[in-house]
Each structure stands twice: as structure tokens, then as C-alpha cells.
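Undergrad: If you read the protein sequences in the order shown, they are chains F and H.
Residues in the first sequence are numbered consecutively from 1, following this note's numbering.
Residues in the second sequence are numbered consecutively from 314, following this note's numbering.
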Amino acid sequence: MIQGIVTAVPKRVVGNGSFLTFDANKIAKLTGIYERRWVDYGDRILDIQYETSRQVIDQCAISPKDLDAIIVVTQTPSYQMPHTSAILSHMLGTTNDCLCLDINLGCSGYLHALFYAGRIADEDGKVLIVAGDCLSTTIAREDSATAPIFGDAISATIYIDDESECESLYNIKTFGEYWRSITQQGYGSMNMDGGAVFNFIQKKVVSSIEETLASYDLSTNEIDYFIFHQANKSVLDLLEAKLGLKASQVPRSYHKFGNTSSASIPLTLCSELSVNALSNARGICLVGFGSGASFGAAVIDPRSIKVLKLIEI
Amino acid sequence: MSLEKELASALSIVEISDDSSLHELDSLGRISIMAYLDINENVILEADELIACKKVMDLKQLIEAKRIK
């Protein structure tokens with residue numbers, strides 16, 4: 001179960017008017033995104049990952065020595081080698097028995113990390129999940145398919161294994177035939193075929209969400225909030241319509257932060273919902289999808305969440 | 314709503330007129346049309362098919378063909 005989440009966004013606000021080669025109103029109209037946060041030149045992603053981790057550990061009142069594992073989800077690590085989780089284990093001061101694992105995933109990564117955390121943690125064990133990217137460092141500023149879309153954010157989550165709690169329900173999938181839709185070769189810029197990504201969402205993501213609910217005999221009415229990966233307005237409009245959801249069931253944060261990769265689900269929880277709101281919720285469904293045509297969905301009991309905090313770094 | 318009206322609504326979102334070339338559309342524009350037609354017409358356009366449409370008439374014929382299926 002999730003005990004707490006802290007999500008960090010850079011202080012630098014980049015509005016649609018900042019793009020010299022795109023029409024600001026058109027970006028807002030087509031994507032629903034009005035602004036995003038980007039790191040400054042010279043900012044180190046590792047420092048944001050560390051500070052966000054430190055804050056969630058403090059807020060959840062645990063010690064780094066209590067951690068069974070650190071799972072880092074990122075495609076923009078400060079160091080290609082070694083794995084970021086090993087560096088964070090040293091910076092935070094975990095024991096040498098803390099398992100350190102990096103996952104190379106984008107927008108579905110938070111769900112995959114939660115899934116792994118549940119299988120790694122011993123009884124009453126604690127896992128730190130650090131998910132997010134600074135994709136502004138990998139996009140070409142003149143590329144209309146990526147530059148106006150992506151924002152930077154890093155989330156840190158404390159996951160606790162608690163046998164007494166209801167089991168979270170997961171559905172993890174990969175549709176490898178669509179892998180070419182989002183790529184980055186070597187140190188080049190990210191390349192996204194938006195139409196192919198959208199076809200993947202239309203043909204695979206909608207049905208996989210329906211499959212998730214059906215396999216656990218749940219209806220959409222039994223889920224208070226669907227926290228979708230915040231791809232853009234077109235994608236969330238499609239998911240809301242196809243699943244027959246009410247607008248109040250679909251919190252949205254992309255208008256303020258853009259598409260923030262694997263941080264977008266925890267960011268939406270921190271920015272659009274409160275611990276109090278979740279304490280009255282029966283169930284929430286988290287849904288991530290993205291690069292590698294990967295998909296993850298989970299139905300969780302949100303009442304375990306005691307910390308939701310959004311910070312600027 | 315008739316296909317003509319639905320298509321006009323879809324194109325108005327991306328500010329494309331009936332006699333314009335669809336090659337003016339960028340990735341975001343194409344996705345907006347794909348989303349609109351799926352939500353309102355239950356038609357899934359393949360990204361490659363949409364890119365291959367040169368004129369609005371080509372798109373109209375494509376949608377009609379998919380509706381018949």
C-alpha cells in the first residue's frame with residue numbers, strides 16, 4: 001500500500017508563449033497544456049531525486065535504514081552508469097541490504113514500480129519508489145510533437161507491504177509491436193510518432209482498462225477516481241468518453257505541468273487530490289501507458305495514503 | 314449529426330478549411346482529429362491513413378469507408 005507521496009517540480013515555469021516556432025493558443029487548444037515546468041541548465045536530476053526522496057522519508061516518519069528496496073524509474077538519469085538507485089542508497093544512508101533497482105520505463109513506469117514493490121517487500125517492509133524524468137533535456141525545441149508536450153517532475157513514494165490491507169489489483173502489459181512509436185537513440189533527441197501512440201491508446205489501452213475492471217468484477221461506478229497518465233487533453237478526453245466516466249472521476253493536471261512521464265500519476269494525486277478526499281474514497285484506479293507500448297493499471301485502496309505533498313525545487 | 318457536420322467540427326478544431334491541404338496538419342492536429350472522430354463517430358483512423366490523405370475529400374472518403382465496415 002502507498003503510505004505517502006512527495007512530488008517535486010522545477011520552479012521555472014515555461015508558458016506556451018515561450019515557444020518561438022509554435023502558436024501559443026494552438027498549443028493550448030490542441031493539447032490542453034498552458035504551461036509546464038522545466039529544469040534550468042545545470043540542474044542535476046540526481047539532486048532533485050535525492051531531495052524528493054529525503055522529503056518523503058521525513059514526511060512518512062521513517063528512517064532510510066528501514067528501506068528494503070529503492071526502485072528508480074527514469075529514462076533521463078544523471079549517470080548512465082551506475083544505476084541511480086545505488087547512488088541514492090548512499091546519499092540517503094540505507095543499509096547495504098537495501099535492494100537497488102532501476103527501471104528504464106517512461107509513462108507506465110509508476111505502475112510497474114508499484115507492481116515490483118509489492119513483490120519485493122517483505123512483510124511490513126518498506127520500498128522507496130522514485131519515478132520521473134526531466135525530459136526537457138532530451139527534446140528538440142523545434143519539434144512540435146514533443147517540445148510543447150513534456151514537462152519535468154520527480155516523485156518519491158513510500159510503499160509499505162501490509163498483509164492486513166486489501167490486496168491491490170494489478171494488470172501489467174507490453175504491446176511490443178508498437179515499440180517504434182517513442183524512441184531515443186543514443187544521446188540524440190526523443191522522437192515520438194504521436195499518431196502511432198494514439199492508435200496504441202485507442203486499440204490497446206482502452207480495452208486493457210476495461211479488462212482490468214472486468215477481471216476483478218468492478219464497474220466504473222465503484223471507482224471514485226481514475227488517475228490516468230497525463231498525456232494530453234485528446235488522450236484523456238478519449239479515455240473519459242470511451243469508458244463512460246464522469247468528469248469528476250478524472251482529475252487532470254496536464255494544463256499546469258504538461259506530460260511528466262512516470263511522475264504524472266503521483267503528480268496528479270499530489271496536485272489535484274488531498275489526503276482528506278482520498279480518505280473518503282472507496283477505490284482509485286491508476287493507469288499508465290507509454291514508451292515501449294507498455295501499460296500498467298492498478299486498483300488500490302487510497303485510504304492508506306497519509307502524505308500527499310507537491311514541492312517546488 | 315451528419316458526416317459533413319462532424320467532419321467540419323473536427324476540422325474546425327485544427328483550423329483547417331474544406332479546401333485546405335491536410336499536409337498542413339502537424340502531429341498534434343492529427344491526434345485531435347483522430348480523437349474527435351473516435352469519440353463522436355466511433356471511427357478509428359490509422360495514423361498512416363490520415364497522413365496519406367492529401368485533401369479533406371480524401372479524409373471524408375476514408376471515414377465513409379470505415380463507417381460501412
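Think of the CB as a built atom: it goes at the ideal place given N, C-alpha and C, for glycine as much as any other residue.
Which of the residues in the region 7 to 34 of chain F, read from start to end, lie with their CB under 8 Å from any CB of chain H?
TA: Those would be 26, 27, 29, 30, 31, in chain order.
Undergrad: What are the start and end residues of each continuous alpha helix (DSSP H) run of 4 or more residues lying completely inside the region 147 to 227 of chain F, in chain order?
TA: For the region 147 to 227 of chain F, whole alpha helix (DSSP H) runs of length 4 or above, ordered along the chain, are 194 to 200, 206 to 215.
Undergrad: Apart from the five residues on each side of it in sequence, which residues of its chain come closer than 6 Å, Cβ to Cβ, to residue 260/F?
TA: So the list reads 151, 153, 267, once near-sequence residues are dropped.
Undergrad: Taking the alpha carbon of residue 83/F as the reference point, which residue from 101/F, 172/F, 56/F has its own alpha carbon closest?
TA: Considering only alpha carbons, the answer is 101/F.
Undergrad: Where does residue 336/H land, buried or exposed, given buried means 16+ other C-beta within 10 angstroms?
TA: So residue 336/H ends up on the exposed side.
Undergrad: Tell me the DSSP bridge mates of residue 36/F?
TA: BP columns for residue 36/F point to 14/F.
Undergrad: Okay, do the region 166 to 174 of chain F and the region 290 to 299 of chain F touch, 3+ Cβ pairs below 8 Å being the bar?
TA: They touch, by the three-pair rule.
Undergrad: For residue 343/H and chain F, any beta-carbon pair shorter than 8 Å?
TA: Answer yes: the Cβ-Cβ gap between residue 343/H and chain F drops below 8 Å somewhere.
Undergrad: Determine the direct distance from the alpha carbon of residue 204/F to that of residue 146/F, and round the result to whole angstroms.
TA: Taking the straight line joining both Cα atoms gives about 22 Å.
Undergrad: Got a sec: is the Cβ-Cβ distance from residue 372/H to anything in chain F below 8 Å?
TA: Chain F contact via Cβ: absent.
Undergrad: Look up residue 356/H in the DSSP assignment and give the residues it is bridged to.
TA: Paired residues: none, contrary to the question.
Undergrad: State buried or exposed for residue 308/F, treating a residue as buried only when at least 16 other CB atoms are found within 10 Å of its CB.
TA: Buried.
Undergrad: Between which two residues does the alpha helix (DSSP H) harbouring residue 65/F extend?
TA: Segment: none, residue 65/F is in no alpha helix (DSSP H) and carries neither H nor E.
Undergrad: Have a look at residue 196/F and residue 303/F and give me their C-alpha separation to the nearest angstrom.
TA: Cα to Cα, the separation comes out at about 37 Å.
Undergrad: Helix, strand or coil for residue 25/F per DSSP?
TA: Residue 25/F falls in the helix class under three-state DSSP.
Undergrad: Are the Cβ atoms of residue 79/F and residue 70/F separated by less than 8 Å?
TA: Cβ distance not < 8 Å, so residue 79/F and residue 70/F don't count as in contact.
Undergrad: Can you name, in chain order, every residue of its own chain whose Cβ lies under 7 Å from the Cβ of residue 244/F, other than the five neighbours on each side?
TA: So the qualifying residues of the chain are 220.
Undergrad: In the DSSP assignment, find the alpha helix (DSSP H) that holds residue 126/F and state where it starts and stops.
TA: First-last for residue 126/F: 126 to 133, but that is the beta strand (DSSP E), not the alpha helix (DSSP H).
Undergrad: Sorted by chain position, which residues of the same chain lie with C-beta nearer than 6 Å to residue 133/F's C-beta, five sequence neighbours on each side aside?
TA: Taken in chain order, the residues that qualify are 74, 75, 76, 261.
Undergrad: Quick check on residue 383/H - is its C-beta less than 8 Å from some C-beta in chain F?
TA: Beyond the ends of chain H as shown, which are 314 and 382, falls residue 383/H; an answer cannot be given.
Undergrad: Classify residue 368/H as helix, strand or coil using the three-state DSSP reduction.
TA: The answer is strand: DSSP assigns residue 368/H an E or B state.
Undergrad: Using CA atoms only, rank isn't needed, just tell me which of 252/F, 138/F, 50/F, 110/F is closest to residue 38/F.
TA: For the residues 252/F, 138/F, 50/F, 110/F, the minimum Cα distance to residue 38/F belongs to 138/F.
Undergrad: Given that a residue counts as buried once 16 or more other Cβ atoms are within 10 Å of its Cβ, and exposed if not, what is residue 232/F?
TA: Burial call: buried.
Undergrad: How many angstroms separate the CA atom of residue 313/H from the CA atom of residue 368/H?
TA: This structure does not reach residue 313/H, given that chain H is present from 314 up to 382, and the question cannot be answered.
Undergrad: Where does residue 379/H sit, in a helix, a strand or coil, going by DSSP?
TA: DSSP places residue 379/H in helix when its eight states are reduced to three.
Undergrad: From which residue to which residue does the beta strand (DSSP E) around residue 3/F run?
TA: 2 to 9 is the extent of the beta strand (DSSP E) around residue 3/F.
Undergrad: According to DSSP, simplified to helix, strand and coil, what is residue 312/F?
TA: Residue 312/F falls in the strand class under three-state DSSP.
Undergrad: Identify which residue in 360/H, 378/H, 356/H, 350/H has its Cα closest to the Cα of residue 321/H.
TA: Among 360/H, 378/H, 356/H, 350/H, the Cα nearest to that of residue 321/H is on 350/H.
Undergrad: With residue 305/F as the anchor, note down where its alpha helix (DSSP H) starts and where it stops.
TA: Residue 305/F -> no alpha helix (DSSP H), and no H or E assigned at all.
Undergrad: For residue 348/H, which residues in chain F fall below 8 Å Cβ to Cβ?
TA: Correct list: 198, 234, 235, 237, 238.
Undergrad: Under 8 Å between beta-carbons, which chain F residues line up against residue 352/H? List them in chain order, please.
TA: Residues of chain F passing the Cβ test: 237, 238, 241, 242.
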